[in-house]
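Residue numbers (our numbering): 217 to 544.
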Amino acid sequence: MTHHGPVIRPRRLRATPAWRRLVAETRVHPAELILPLFVREGVTEPVPIASMPGVVQHSLDSLRAEIARAAAAGIGGVMLFGVPEHRDAIGTGATDPHGILNAATRVAVAEAGDALVVQTDLCLDEFTDHGHCGVLDADGRVDNDRTLVRYREMALAQADAGSHLLGLSGMMDGQVAAVRAVLDAAGRHDVAILAYAAKYASAFYGPFRDAVESQLQGNRRSYQMDPANRREGAREVELDLAEGADIVMVKPAMSYLDVLADTAAASPVPVWAYQVSGEYAMIEAAVAHGWIERERAIDESLVGIRRAGADAVLTYWALEAAERWAQV
Ligand code: PBG
217 MTHHGPVIRP RRLRATPAWR RLVAETRVHP AELILPLFVR EGVTEPVPIA
267 SMPGVVQHSL DSLRAEIARA AAAGIGGVML FGVPEHRDAI GTGATDPHGI
317 LNAATRVAVA EAGDALVVQT DLCLDEFTDH GHCGVLDADG RVDNDRTLVR
367 YREMALAQAD AGSHLLGLSG MMDGQVAAVR AVLDAAGRHD VAILAYAAKY
417 ASAFYGPFRD AVESQLQGNR RSYQMDPANR REGAREVELD LAEGADIVMV
467 KPAMSYLDVL ADTAAASPVP VWAYQVSGEY AMIEAAVAHG WIERERAIDE
517 SLVGIRRAGA DAVLTYWALE AAERWAQV
């Protein structure tokens, strides 16, 4: 069949920077970026993390300064992770009001004022001596329902410390309902829940385990999801919505953009994505070898996550990306 119409020329709208800027479908606004921060107990200076060049374990003082920088950059929020000095079987440090995460939360909330949403990781893995996200039964398996008891206690401790948003990252069944119930019973209707709804058992968490000095032997495959499963991701999101999640998240981001797009199409609440430590480390490592253009690669990775449907992104590049995208 002969084609008689005009040649269709999509290139017309790509011809100049002005055109490209005008027709760009996706941008990354600083307010849509969330910076994860590690806070280490017992240090007075920030400690570099070898597998995450440019990322540190903060002292309480350097945390305060970083919160001020985050507020000035206009990002949406920070997510706090604690690195305790002592660990035990039930993660006692997680519920100690003076434990590092709760102490850091008080510092961050005071410094952030109204400028940032201060978020806290609600999970036991940083605090347990076996490194699992929950408590173990007599056979060494992660005990779902006894873990929920600890998550309830942790939720109250984090709410008391002033956290605005609890990041439930442990992948226990029923964790959102359990935490919502205990918060409501305590009159803490104001504290919101971010459900790590579709969280996969991923190799891309490797550098994070260095960052929190994880004690984990083995793996998390009996509670985090199998990377092969897309339909199950939708089911996990549905369950967390039914249990009362205020925001749902897909994690990791880059290898799960289909799950993210599915979630964005179906969710009545905001959908976030976590660009995890391994995604950060991969790009930084390739840059260090001179194999990839740093800023272009970072910005492309972020715009891709936004394009797939994330309303906001947790990323270790939040501050520098906010600076660049503020000019776009
Ligand atoms: C669990 C938690 C993990 C990450 C965030 N929350 C580790 C895990 O599930 O093993 C990983 C984040 C990253 O890799 O950047 N507390």
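Cβ atoms here follow ideal geometry from the backbone N, Cα and C, with glycine treated the same way.
Query                                                                                                                                     : Result
Where the alpha helix (DSSP H) through Ile250 begins and ends                                                                             : Run containing Ile250: none in the alpha helix (DSSP H); it sits in the beta strand (DSSP E), Leu249 to Arg256.
Trp488 (DSSP reduced to helix, strand or coil)                                                                                            : strand
Touching by the beta-carbon criterion (3+ pairs, under 8 angstroms), the region 501–508 and the region 443–450                            : no
Residue span of the beta strand (DSSP E) that contains Ile463, given as start and end                                                     : Ile463 to Lys467
Rounded separation between Ala524 and Val475 - CA only                                                                                    : 9 angstroms
Euclidean distance between Cα positions of Ile250 and His220                                                                              : 51 angstroms
Boundaries of the alpha helix (DSSP H) in which Tyr496 is found, first to last residue                                                    : Ser493 to Ala504
Integer-rounded CB distance, given that Gly293 should sit under 8 angstroms from Val333                                                   : 4 angstroms
Close beta carbons around Asp337, own chain, < 8 angstroms, minus the five adjacent residues each side                                    : Met295, Leu296, Phe297, Gly298, Leu317, Gly383 and Ser385
Cβ distance (whole Å) where Pro468 is taken to contact Phe424 below 8 angstroms                                                           : In fact, because the Cβ distance is near 10 angstroms, the residues do not count as touching under 8 angstroms.
Residues bridged to Phe420 (per DSSP)                                                                                                     : Paired residues: none, contrary to the question.
Member of Asn360, Ala497, Gln273 and Ser493 whose CA lies at the smallest distance from the CA of Leu530                                  : Ser493
Check: Asp341 C-beta below 8 angstroms from any heavy atom of ligand 1                                                                    : yes
Cβ neighbour criterion (16 or more within 10 Å) applied to Gly350                                                                         : buried
Residues bridged to Gln273 (per DSSP)                                                                                                     : Phe254 and Val263
Where Tyr412 sits in the DSSP three-state scheme                                                                                          : strand
Beta-carbon proximity check, Asp312 vs Ala373, cutoff 9 angstroms                                                                         : yes
Tyr496 versus Val519 - alpha carbon distance                                                                                              : 15 angstroms
Cut-off 6 angstroms between Cβ atoms - residues of its own chain near Asp442, not counting five sequence neighbours on either side        : none
Residue(s) in a DSSP beta bridge with Gly293                                                                                              : Ile250 and Val333
Gly569 Cβ short of 8 angstroms to ligand 1 heavy atom set                                                                                 : Because the chain spans 217 through 544 in this model, residue 569 falls outside it and cannot be assessed.
Length of the line joining the Cα atoms of Ala288 and Ala542                                                                              : 12 angstroms
Cβ separation of Tyr367 and Gln391, assumed to be a contact under 8 angstroms, to the nearest whole Å                                     : 6 angstroms
Limits of the unbroken beta strand (DSSP E) element including Val529                                                                      : Ala528 to Leu530
For Leu229, the three-state DSSP class (helix, strand or coil)                                                                            : helix
Contacts around Glu429, its chain only, beta-carbon distance under 7 angstroms, and the 5 residues preceding and following it disregarded : Val299
Near ligand 1: Gly270 beta-carbon under 8 angstroms from a heavy atom                                                                     : no
Beta-carbon contacts of Asp515 that lie in its chain and below 8 angstroms, excluding the five residues immediately before and after      : Val244, Ala537, Arg540 and Trp541
Residue closest to Ser379, alpha-carbon to alpha-carbon, out of Gln335, Glu282 and Gly307                                                 : Gln335
N-terminal and C-terminal residue of the alpha helix (DSSP H) that Leu473 is part of                                                      : Leu473 to Ala482
Distance between Leu399 and Asp406 (C-alpha atoms, nearest Å)                                                                             : 9 angstroms
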